[in-house]
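Read left to right, the sequence shown gives residues 3 to 229 (our numbering). Inspection log for the structure reproduced underneath, given as structure tokens.
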Amino acid sequence: MAEAKIRNKLKTLNDSLDELEEILEPLSDQTLPEILAGLEPLQQAKLQVDIPYVVYDLIFIYLKTRGIDPKTHPVIGELDRVRQYFEKIKKAEDEPDNRKSRLDQAAANRFIKHAIAQVELQLPLDDPVGGPSNVRVPAKVTSKMEARAQYEQDLKALGDEEESELEVFDDQGPSGAAKGKDVESESGAGSSVGKKRRRGNGESAGSDRPSAASSAKKGRKKTKVQS
3 MAEAKIRNKL
13 KTLNDSLDEL
23 EEILEPLSDQ
33 TLPEILAGLE
43 PLQQAKLQVD
53 IPYVVYDLIF
63 IYLKTRGIDP
73 KTHPVIGELD
83 RVRQYFEKIK
93 KAEDEPDNRK
103 SRLDQAAANR
113 FIKHAIAQVE
123 LQLPLDDPVG
133 GPSNVRVPAK
143 VTSKMEARAQ
153 YEQDLKALGD
163 EEESELEVFD
173 DQGPSGAAKG
183 KDVESESGAG
193 SSVGKKRRRG
203 NGESAGSDRP
213 SAASSAKKGR
223 KKTKVQS
């Protein structure tokens with residue numbers, strides 16, 4: 003019975019090795035970089051972890067067939083190290099599902115907050131026309147906004163004053179200067195005419211005075227002759 007049991011275990015081991023050889027046969031047709039080039043990153047990680055695990059497991063089996071306790075061999079530490087990589091790969095496979103659930107939770111929180119804000123801004127239900135779209139939230143006037151408005155008013159007032167000054171300057175422009183010159187020329191002409199008239203009157207008066215004196219002299223001469 004013991005011999006038959008051992009034979010059955012040996013047959014099972016041989017069958018497992020034959021099956022493993024068939025599985026690993028495609029890996030011998032190409033180099034490892036060529037095989038990894040056609041795989042996705044996650045599949046590449048799995049293959050690079052499976053190969054050392056198979057090698058260390060075969061060493062474990064070989065030690066048992068040689069009558070050596072594998073637990074005292076360093077291969078146990080290597081097998082434990084490779085198992086840690088299996089856990090990391092499994093975590094990487096499950097991470098997209100966890101990430102999706104977290105994203106959905108965040109989206110749900112946003113929808114809830116948005117709905118609460120709309121309910122707070124709604125008008126009373128007895129208003130037939132009222133609704134969230136008709137609600138007007140009063141704008142908050144800050145000190146900066148008031149200072150800006152005052153600054154714009156000052157600029158506008160300053161601009162009006164500059165425009166009025168420009169209009170007065172236009173009235174005293176070249177045309178006004180020309181008009182002033184015309185008035186001065188007219189007044190000058192009038193004064194010159196007046197001077198001429200005065201001179202003419204003076205000359206006529208002077209001419210009358212000698213004639214009167216000569217007539218008086220003639221009268222005196224006549225009286226002397228008569229006497």
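Don't be surprised by glycine CBs; every beta carbon is placed ideally from N, CA and C.
Alpha-carbon spacing of Glu5 relative to Leu29, whole angstroms:
What you label residue 5 is simply residue 3 of the sequence shown in a count that begins at 1. What you label residue 29 is simply residue 27 of the sequence shown in a count that begins at 1. Distance between the alpha carbons of Glu5 and Leu29: 37 Å.
I want to know whether the stretch 74 to 84 touches the stretch 43 to 63 - three or more CB-CB distances under 8 Å.
yes
Select from Asp20, Asn111, Pro76 and Ile25 the residue whose C-alpha is nearest the C-alpha of Leu49.
To locate residue 49, count along the sequence shown from 1; it is residue 47. Nearest of Asp20, Asn111, Pro76 and Ile25 to Leu49, Cα basis: Ile25.
How far does the alpha helix (DSSP H) with Glu24 in it extend, from its first residue to its last?
Numbered from its first residue, the sequence shown carries residue 24 at position 22. Ala4 to Asp31 is the span of the alpha helix (DSSP H), which, as asked, contains Glu24.
Taking the alpha helix (DSSP H) that Thr74 belongs to, which residues open and close that run?
Counting from one through the sequence shown, the residue named residue 74 turns up at place 72. Where Thr74 is concerned, there is no enclosing alpha helix (DSSP H), given that its DSSP letter is neither H nor E.
Could you spell out the range, first to last residue, of the alpha helix (DSSP H) harbouring Val51?
Against the sequence shown, residue 51 aligns to sequence position 49. Looking at the DSSP string, the run of the alpha helix (DSSP H) that includes Val51 is Pro43 to Thr67.
Taking C-beta to C-beta, are Ala39 and Ile91 nearer than 9 Å?
Position 37 of the sequence shown, counted from the start, is the residue given in the question as residue 39. Position 89 of the sequence shown, counted from the start, is the residue given in the question as residue 91. Contact flag unset, no.
Backbone CA spacing between Asp20 and Leu34 [nearest angstrom]:
Indexing the sequence shown from 1 puts residue 20 at position 18. Indexing the sequence shown from 1 puts residue 34 at position 32. Distance between the alpha carbons of Asp20 and Leu34 is about 22 Å.
Beta carbon of Phe88, beta carbon of Pro72: below 9 Å?
Your numbering for residue 88 matches position 86 in the sequence shown. Your numbering for residue 72 matches position 70 in the sequence shown. No, Cβ-Cβ distance for Phe88 and Pro72 is not below 9 Å.
In whole angstroms, what is the alpha-carbon distance linking Ala108 and His116?
Here residue 108 refers to the residue found at position 106 of the sequence shown. Here residue 116 refers to the residue found at position 114 of the sequence shown. Whole-angstrom Cα-Cα distance: 12 Å.
Here's the rule: buried if 16 or more other CB atoms are within 10 angstroms of the residue's CB, otherwise exposed. What is Pro176?
Residue numbering aside, residue 176 sits at position 174 when the sequence shown is read from its first letter. Only weak support is given to the placement of Pro176: the predicted model assigns it a pLDDT of 46, under 50, and the question is left unresolved by the model.
Of the residues Ile114, Gln152 and Leu60, the one placed nearest Leu15, counting alpha carbons only:
To locate residue 15, count along the sequence shown from 1; it is residue 13. Ranking Ile114, Gln152 and Leu60 by Cα distance to Leu15 puts Leu60 first.
Do you know offhand how far Thr67's Cα is from Ala110's?
Within the sequence shown, numbered from 1, the residue matching residue 67 stands at position 65. Within the sequence shown, numbered from 1, the residue matching residue 110 stands at position 108. Cα to Cα, Thr67 sits roughly 60 Å from Ala110.
Per DSSP, what kind of secondary structure is Val143 in: helix, strand or coil?
For this step, residue 143 is matched to residue 141 along the sequence shown. Val143 falls in the coil class under three-state DSSP.
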